[in-house]
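Colleague:
Number of protein chains: 2
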Amino acid sequence: MLQLKAATFGVLMGVLSASLSAAPSPITDTQKDTAEQLIETALNSKLGYDIVTSLTTEVGPRLGGSEAEKRARDWGADLGKELGFDKVTIEEFSMPFWDRGHLHIALTSPYQQELYGTALGGAAPSKSEVNADVVYFRDIHALTEVKDGELQGKIAFVDGDAMVKSQTGAGYGQANQRRRIGWQHAQRGGASALVVRSVGSDSHRFPHTGMMSKNDDKWAEIPVIAISNPDADHLRRLYRADKPLALSLHSESKWKGEVNSGNVVMDIVGSEKPEEIVLIGGHLDSWDLGTGAVDDGAGIAITTAAAALIAKLPTRPKRTIRVVMFGAEEVGLLGAFAYAKQHEANLANHVLATESDFGAQTIWQLVSNVNPEATILVDEIAKILSPLGIIRGAADVVGGGPDIIPLAAKGVPTIRLNQNGRDYFDLHHTPDDTLDKINPDELAQNIAAYAASIYLLADTEIDLKSTK
Amino acid sequence: MLQLKAATFGVLMGVLSASLSAAPSPITDTQKDTAEQLIETALNSKLGYDIVTSLTTEVGPRLGGSEAEKRARDWGADLGKELGFDKVTIEEFSMPFWDRGHLHIALTSPYQQELYGTALGGAAPSKSEVNADVVYFRDIHALTEVKDGELQGKIAFVDGDAMVKSQTGAGYGQANQRRRIGWQHAQRGGASALVVRSVGSDSHRFPHTGMMSKNDDKWAEIPVIAISNPDADHLRRLYRADKPLALSLHSESKWKGEVNSGNVVMDIVGSEKPEEIVLIGGHLDSWDLGTGAVDDGAGIAITTAAAALIAKLPTRPKRTIRVVMFGAEEVGLLGAFAYAKQHEANLANHVLATESDFGAQTIWQLVSNVNPEATILVDEIAKILSPLGIIRGAADVVGGGPDIIPLAAKGVPTIRLNQNGRDYFDLHHTPDDTLDKINPDELAQNIAAYAASIYLLADTEIDLKSTK
Numbered sequence: 001m002l003q004l005k006a007a008t009f010g011v012l013m014g015v016l017s018a019s020l021s022a023a024p025s026p027i028t029d030t031q032k033d034t035a036e037q038l039i040e041t042a043l044n045s046k047l048g049y050d051i052v053t054s055l056t057t058e059v060g061p062r063l064g065g066s067e068a069e070k071r072a073r074d075w076g077a078d079l080g081k082e083l084g085f086d087k088v089t090i091e092e093f094s095m096p097f098w099d100r101g102h103l104h105i106a107l108t109s110p111y112q113q114e115l116y117g118t119a120l121g122g123a124a125p126s127k128s129e130v131n132a133d134v135v136y137f138r139d140i141h142a143l144t145e146v147k148d149g150e151l152q153g154k155i156a157f158v159d160g161d162a163m164v165k166s167q168t169g170a171g172y173g174q175a176n177q178r179r180r181i182g183w184q185h186a187q188r189g190g191a192s193a194l195v196v197r198s199v200g201s202d203s204h205r206f207p208h209t210g211m212m213s214k215n216d217d218k219w220a221e222i223p224v225i226a227i228s229n230p231d232a233d234h235l236r237r238l239y240r241a242d243k244p245l246a247l248s249l250h251s252e253s254k255w256k257g258e259v260n261s262g263n264v265v266m267d268i269v270g271s272e273k274p275e276e277i278v279l280i281g282g283h284l285d286s287w288d289l290g291t292g293a294v295d296d297g298a299g300i301a302i303t304t305a306a307a308a309l310i311a312k313l314p315t316r317p318k319r320t321i322r323v324v325m326f327g328a329e330e331v332g333l334l335g336a337f338a339y340a341k342q343h344e345a346n347l348a349n350h351v352l353a354t355e356s357d358f359g360a361q362t363i364w365q366l367v368s369n370v371n372p373e374a375t376i377l378v379d380e381i382a383k384i385l386s387p388l389g390i391i392r393g394a395a396d397v398v399g400g401g402p403d404i405i406p407l408a409a410k411g412v413p414t415i416r417l418n419q420n421g422r423d424y425f426d427l428h429h430t431p432d433d434t435l436d437k438i439n440p441d442e443l444a445q446n447i448a449a450y451a452a453s454i455y456l457l458a459d460t461e462i463d464l465k466s467t468k
Numbered sequence: 001m002l003q004l005k006a007a008t009f010g011v012l013m014g015v016l017s018a019s020l021s022a023a024p025s026p027i028t029d030t031q032k033d034t035a036e037q038l039i040e041t042a043l044n045s046k047l048g049y050d051i052v053t054s055l056t057t058e059v060g061p062r063l064g065g066s067e068a069e070k071r072a073r074d075w076g077a078d079l080g081k082e083l084g085f086d087k088v089t090i091e092e093f094s095m096p097f098w099d100r101g102h103l104h105i106a107l108t109s110p111y112q113q114e115l116y117g118t119a120l121g122g123a124a125p126s127k128s129e130v131n132a133d134v135v136y137f138r139d140i141h142a143l144t145e146v147k148d149g150e151l152q153g154k155i156a157f158v159d160g161d162a163m164v165k166s167q168t169g170a171g172y173g174q175a176n177q178r179r180r181i182g183w184q185h186a187q188r189g190g191a192s193a194l195v196v197r198s199v200g201s202d203s204h205r206f207p208h209t210g211m212m213s214k215n216d217d218k219w220a221e222i223p224v225i226a227i228s229n230p231d232a233d234h235l236r237r238l239y240r241a242d243k244p245l246a247l248s249l250h251s252e253s254k255w256k257g258e259v260n261s262g263n264v265v266m267d268i269v270g271s272e273k274p275e276e277i278v279l280i281g282g283h284l285d286s287w288d289l290g291t292g293a294v295d296d297g298a299g300i301a302i303t304t305a306a307a308a309l310i311a312k313l314p315t316r317p318k319r320t321i322r323v324v325m326f327g328a329e330e331v332g333l334l335g336a337f338a339y340a341k342q343h344e345a346n347l348a349n350h351v352l353a354t355e356s357d358f359g360a361q362t363i364w365q366l367v368s369n370v371n372p373e374a375t376i377l378v379d380e381i382a383k384i385l386s387p388l389g390i391i392r393g394a395a396d397v398v399g400g401g402p403d404i405i406p407l408a409a410k411g412v413p414t415i416r417l418n419q420n421g422r423d424y425f426d427l428h429h430t431p432d433d434t435l436d437k438i439n440p441d442e443l444a445q446n447i448a449a450y451a452a453s454i455y456l457l458a459d460t461e462i463d464l465k466s467t468k
């Protein structure tokens, strides 16, 4: 039996080898050597960690449209020049500015206790202190069934559950419905304010902020506040013990008119096809609560460092590598839409796009959406990345990150290097998003993966885009 | 060689067995059976978790001297009666009340950024907004060397390091020197305020509060504020990058005069020696930031549940078991000193005392300080606890917990069941000290250990106290 099995295995291997050897690798030996050298260099480089340290320390929090975000753009442009990018441009755009202001929220019945809350992006201020009884909703589905006017004079509280921890971040889309659309129903019900369980997987007392969705192109006209998981647990326990709940809150968050933001665009110009662009990047803005280390100082550091390592090669890759530090991502992908619009005429030359915007834990998977003939190239890239612990995922995953959405929608091919996001939603959009949460070795693994794959994609002869 | 070793080992074992069997066990078979039944019952009981859930949910934060602490005392007394304690008394005492009020602290140079700070207990308010340059001190030792008046018009910042994580909590005493005595030197130097790195082992953005020490019976006359570890890291990085640091702060914390606090004293009266008291307990007050689940709702739950399980035995143990829910521990062991004073005439009848005030992770060690003749009993108790993963520690460890200090100083024998405190200083004195941080199974292990050991100590014929 063993003999037979071995023989069968040998035959299978033979077939497999034949099949493998039938298709010549789309990566040359020189390219492979260069990619492997980039990995080695990246793993031993402190560049990425220095970049995220500098951004979080010297700029700090940088809300889309703020003066701090402007400082971040200047920081980014200076960095690009220092690191040897061939062209560095700041491309400005206009945007409405939402400011958090001061918030106070406390339990007043069954007894007085301060709660830990944060206004959600786009929320209106309270006209004065709101003191009201609470109507409890077990989840967002329960709130959507509220009758018009039923919540008059009340505060709606939408519970839910702490986000499930998952490597892929699955569960975020579902959990953040209470953050996204809750206000429409609370407002329709006539509530004076909406309070929701924060969208996060942690049990810390910091609630997670984040943008709400517009409805009919309008923002909420009431205060909308997330409270931390432990505080939401607390309200749930009191509700279940039949205690009458009441809250007092005052929020100053509001829209403050039109301001400027911008994207920092930095090119390593291609040696043979300079007009063809492989776009990588992260978003430069952060929420105002933390210093935006994980979201998305990491992405800025990973992609900038990867490109800077490629820029040090004796010869530029064939295509242009463009790092975009997107502005105002958190507040509605405003930099991404501005970029897509400002480069509309040239989108056909964007042969690939990807963004790093899921923290700095190790990358474990490479997914793609390039033309079928180019998929073999991504397969081969995955083999080169495999010593980094990265596996090949699906070849039909559209979109390379939040800021790539407008480009992907226009048909730009994408890849995505997926970080392990198991702890991401412990930190995401909280004051805890600070530099100490980044592991320099994991960050270096990210940069190694980006440097090798982006180099190969920029230097290949293969047409990534054409579907023929 | 192997043969010889085995033979030697056998001889040694023989000697050891002979020596063990020579001393009769101080624990009867019936006592042992009862202790083991108590362990079994405790491990399968939800009582302790229900108690800490009720305290943190229905009372919440309960600062020493506050109206909430008064509610906690009523809650405790009601609980004691409900659980079948034979006597339940609230023993009031008077104390000065310190109130936190509102705090605002922000970095203003090299750029504007909100910091996460908390006033330290006993601190004075700022007269108005303080805006000043920062003088950086690497640690408390550096600050103690400041010359009188040298800090005029400045804010002193004392850095240091995040607390080392350790099972025993070693490192707290050293780290909290900056919290305890820093103000004396900052004030002597003429500083407008003192800011210190929070005393905690975590990297969360919540600073840890805690009481300062008096100096010459006086409290600080300046604001004293702890900032979170990530914020302290941030200031350190900016300082090392030669950025001029300036802060803006305003704190309302202040002393508000004399109020009442109290201890809840609950007895299970002994069947043969009711006048002899085995005292166990925890502290009922908490800091105002969290809901005091780990510090020290856990201790209240563990000791009350352990005693309540013993109260259900068919016969009361020989000695009285007294549970004391101490008041106002956090603000200077005020309940402990009040108890020692109010029971001064009767302290000789306190044959043993211990407190649970180190969270609710598993107990791993039993230490003691009883009379030498009774040490063998504690050794035997440790054997009965060993299936719970508990080992016997030293027999010369004076003090059974913070609130036991005044009793131990008067010669009351003590034991201590040491919890694993590795994560304790991630939560201690922060808003994150909430119910979700308690693992019900670990809490049950604590209760099992307390129930068995306290029962055996209360029922033994051995004199725990007399040194003869």
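As they're listed, the protein sequences go chains A and B.
Per full-length UniProt numbering, the first sequence runs over residues 1 to 468.
Per full-length UniProt numbering, the second sequence runs over residues 1 to 468.
C-beta: ideal position from N, C-alpha, C; glycine also.
All values derive from a computational prediction rather than experimental measurement.
Pull up the CB-CB distance for Val134(A) and Leu245(A), whole angstroms please, since I reckon it's below 8 Å.
Modeller: Residue numbering aside, residue 134(A) sits at position 134 when the first sequence is read from its first letter. Residue numbering aside, residue 245(A) sits at position 245 when the first sequence is read from its first letter. With a Cβ gap of about 4 Å, Val134(A) and Leu245(A) count as contacting.
Colleague: So, helix, strand or coil for Phe157(A), using DSSP?
Modeller: Against the first sequence, residue 157(A) aligns to sequence position 157. DSSP places Phe157(A) in strand when its eight states are reduced to three.
Colleague: Quick one: which chain B residues come within Cβ less than 9 Å of Tyr111(A)?
Modeller: As a position in the first sequence, residue 111(A) is number 111, starting the count at 1. Within chain B, the residues near Tyr111(A) are Glu58, Val59, Gly60, Glu67, Ala68 and Arg71.
Colleague: At a CB distance below 9 Å, what residues from the region 40-51 of chain A approach chain B? Give them in sequence order.
Modeller: none
Colleague: From the DSSP output, which residues share a beta bridge with Ala360(B)?
Modeller: Here residue 360(B) refers to the residue found at position 360 of the second sequence. DSSP lists no partner for Ala360(B).
Colleague: For Pro230(B), go through chain A and note every residue whose CB falls closer than 7 Å to its CB, in chain order.
Modeller: In the second sequence, residue 230(B) corresponds to position 230, counting from 1. Neighbours of Pro230(B) on chain A, chain order: Thr434 and Asp436.
Colleague: Suppose only complete runs of 4+ residues qualify. What are the alpha helix (DSSP H) ranges in the region 188-255 of chain A, listed by chain order?
Modeller: 229-240
Colleague: Mind pulling the chain B residues with CB within less than 7 Å of Phe206(A)?
Modeller: For the purposes of this step, residue 206(A) is identified with residue 206 of the first sequence, where counting begins at 1. Those are Arg205, listed as they occur along chain B.
Colleague: For Ala106(B), I'd like the list of residues in its chain whose CB is within less than 8 Å of its CB, leaving aside the five on either flank, ordered along the chain.
Modeller: As a working mapping, residue 106(B) is identified with position 106 in the second sequence. Excluding positions up to five away in sequence, the list reads Gln112, Gln113, Glu114, Leu115, Leu247, Ser248 and Leu249.
Colleague: Would DSSP call Asn349(A) helix, strand or coil?
Modeller: For this step, residue 349(A) is matched to residue 349 along the first sequence. DSSP places Asn349(A) in helix when its eight states are reduced to three.
Colleague: Rank Ala193(A), Gly292(A), His234(A) and Gly121(A) by C-alpha distance to the C-alpha of Val59(A) and give the top, closest one.
Modeller: Taking the first residue of the first sequence as position 1, residue 59(A) is located at position 59. Closest option to Val59(A), Cα to Cα, is Gly292(A).
Colleague: So within the region 263-349 of chain A, which uninterrupted beta strand (DSSP E) runs reach at least 3 residues, ignoring any that extend past its ends?
Modeller: 273-283 and 319-326
Colleague: Helix or strand or just coil, what does DSSP make of Asn446(A)?
Modeller: Position 446 of the first sequence, counted from the first residue, corresponds to residue 446(A). In this structure, Asn446(A) counts as helix in the three-state DSSP scheme.
Colleague: Tell whether a beta-carbon distance below 8 Å holds between Val378(B) and Ala395(B).
Modeller: Translated into the one-based positions of the second sequence, residue 378(B) becomes position 378. Translated into the one-based positions of the second sequence, residue 395(B) becomes position 395. Against a cut-off of 8 Å, the Cβ pair of Ala395(B) and Val378(B) comes out as a contact.
Colleague: Between Tyr116(A) and chain B, is there a C-beta pair that is closer than 8 Å?
Modeller: The residue given as residue 116(A) occupies position 116 in the first sequence. Contacts with chain B at 8 Å (Cβ-Cβ) include Tyr116(A).
Colleague: Under DSSP, the alpha helix (DSSP H) around Leu38(A) begins and ends at which residues?
Modeller: Locating residue 38(A) in the first sequence gives position 38, where the first residue counts as 1. Segment Asp29 to Leu43, the alpha helix (DSSP H) holding Leu38(A).
Colleague: Give the straight-line distance between the Cα atoms of Glu252(B) and Asn131(A), rounded to the nearest whole angstrom.
Modeller: Here residue 252(B) is taken as the residue at index 252 of the second sequence, counted from 1. Here residue 131(A) is taken as the residue at index 131 of the first sequence, counted from 1. Looking at the two C-alpha atoms, the distance is approximately 24 Å.
Colleague: Using a Cβ-Cβ distance under 8 Å, would His428(B) count as near chain A?
Modeller: Counting from 1 along the second sequence, the entry for residue 428(B) is found at position 428. Cβ-Cβ to chain A under 8 Å: no for His428(B).
Colleague: Among Glu442(B), Thr460(B) and Asp426(B), which has the Cα closest to the Cα of Gly169(B)?
Modeller: Against the second sequence, residue 169(B) aligns to sequence position 169. Gly169(B) has its Cα closest to that of Asp426(B), out of Glu442(B), Thr460(B) and Asp426(B).
Colleague: Helix, strand or coil, according to DSSP, for Ser54(A) in the structure here?
Modeller: Counted from its first residue, the first sequence places residue 54(A) at position 54. Helix at Ser54(A).
Colleague: Going by alpha carbons, who is nearest to Ser45(B) out of Ala444(B), Leu352(B) and Ile51(B)?
Modeller: Position 45 of the second sequence holds residue 45(B). If we check each option's Cα against that of Ser45(B), Ala444(B) comes out closest.
Colleague: Strictly below 9 Å CB to CB, what residues from chain A border Ala142(B)?
Modeller: Looking up residue 142(B) in the second sequence gives position 142. Chain A residues near Ala142(B): none, gap ~22 Å exceeds 9 Å.
Colleague: Would you list the one or two residues that DSSP bridges to Lys87(B)?
Modeller: Against the second sequence, residue 87(B) aligns to sequence position 87. Under DSSP, the beta-bridge partners assigned to Lys87(B) are Asp267(B).
Colleague: Here's a check: name, in chain order, each residue in its chain whose Cβ is nearer than 7 Å to the Cβ of Ile268(A), leaving out the five neighbours to either side.
Modeller: As a first step, residue 268(A) is located in the first sequence; it is residue number 268 there, counting from the start. Non-local C-beta neighbours of Ile268(A) in its own chain, meaning closer than 7 Å and more than five positions away in sequence, comprise Phe85, Asp86, Ala307, Ile310, Ala311, Arg316, Thr320 and Ile321, ordered along the chain.
Colleague: On the DSSP letters alone, give me the boundaries of the beta strand (DSSP E) that Ile140(B) sits inside.
Modeller: Taking the first residue of the second sequence as 1, we reach residue 140(B) at position 140. That residue, Ile140(B), is in no beta strand (DSSP E); its alpha helix (DSSP H) goes Ile140 to Thr144.
Colleague: Measure the beta-carbon distance from His350(A) to Leu279(A) and round it to whole angstroms, keeping in mind my assumption that it falls under 8 Å.
Modeller: Looking up residue 350(A) in the first sequence gives position 350. Looking up residue 279(A) in the first sequence gives position 279. Contact flag correct, Cβ pair sits at about 6 Å.
Colleague: Using alpha carbons as the reference points, say which of Ala408(A), Ala409(A), Leu366(A) and Ala374(A) lies closest to Leu388(A).
Modeller: Reading the first sequence from its first residue, position 388 is the one you call residue 388(A). Among Ala408(A), Ala409(A), Leu366(A) and Ala374(A), the Cα nearest to that of Leu388(A) is on Leu366(A).
Colleague: Just to confirm my understanding: we take Glu221(B), look at its own chain, exclude 5 residues before and 5 after, and list those with CB closer than 7 Å. What are they?
Modeller: Your numbering for residue 221(B) matches position 221 in the second sequence. Closer than 7 Å at the Cβ level, and outside the excluded window around Glu221(B), lie Ala124 and Gln187.
Colleague: Going along chain A in order, which residues have a C-beta closer than 9 Å to the C-beta of His234(B)?
Modeller: Locating residue 234(B) in the second sequence gives position 234, where the first residue counts as 1. Correct list: Thr56, Thr57, Gly60, Thr291, Thr434 and Leu435.
Colleague: I'd like to confirm the pairing. Which residues does DSSP put opposite Glu114(B) in its beta bridges?
Modeller: Walking along the second sequence from the start, residue 114(B) turns up at place 114. The partner list for Glu114(B) (beta bridge, DSSP) reads Ala106(B).
Colleague: Kindly indicate if chain B contains any beta-carbon less than 8 Å away from that of Arg138(A).
Modeller: Stepping through the first sequence from its first residue, residue 138(A) is reached at position 138. Interface flag for Arg138(A) against chain B is unset, since no Cβ pair is found closer than 8 Å.
Colleague: Skipping 5 residues on each side, what residues in its chain have a beta carbon closer than 6 Å to that of Leu63(B)?
Modeller: To locate residue 63(B), count along the second sequence from 1; it is residue 63. Same-chain partners within the cutoff: Asp288.
Colleague: To the nearest angstrom, report how far apart Leu347(A) and Asp436(A) are at their CA atoms.
Modeller: Reading the first sequence from its first residue, position 347 is the one you call residue 347(A). Reading the first sequence from its first residue, position 436 is the one you call residue 436(A). Those two C-alpha atoms are separated by around 38 Å.
Colleague: Compile a chain-ordered list of the residues in the region 235-264 of chain A whose CB is closer than 9 Å to at least one CB of chain B.
Modeller: Arg237, Leu238, Ala241 and Lys243
Colleague: Excluding five sequence neighbours on each side, which residues of the same chain lie with their C-beta closer than 6 Å to the C-beta of Ala338(B)?
Modeller: In the second sequence, the residue the question calls residue 338(B) occupies position 338. The answer, listed in chain order, is Phe93.
Colleague: Return the residue from the list Tyr172(B), Ile225(B) and Ser213(B) that minimises the CA-CA distance to Ala193(B).
Modeller: As a first step, residue 193(B) is located in the second sequence; it is residue number 193 there, counting from the start. The shortest C-alpha separation from Ala193(B) is found at Ile225(B).
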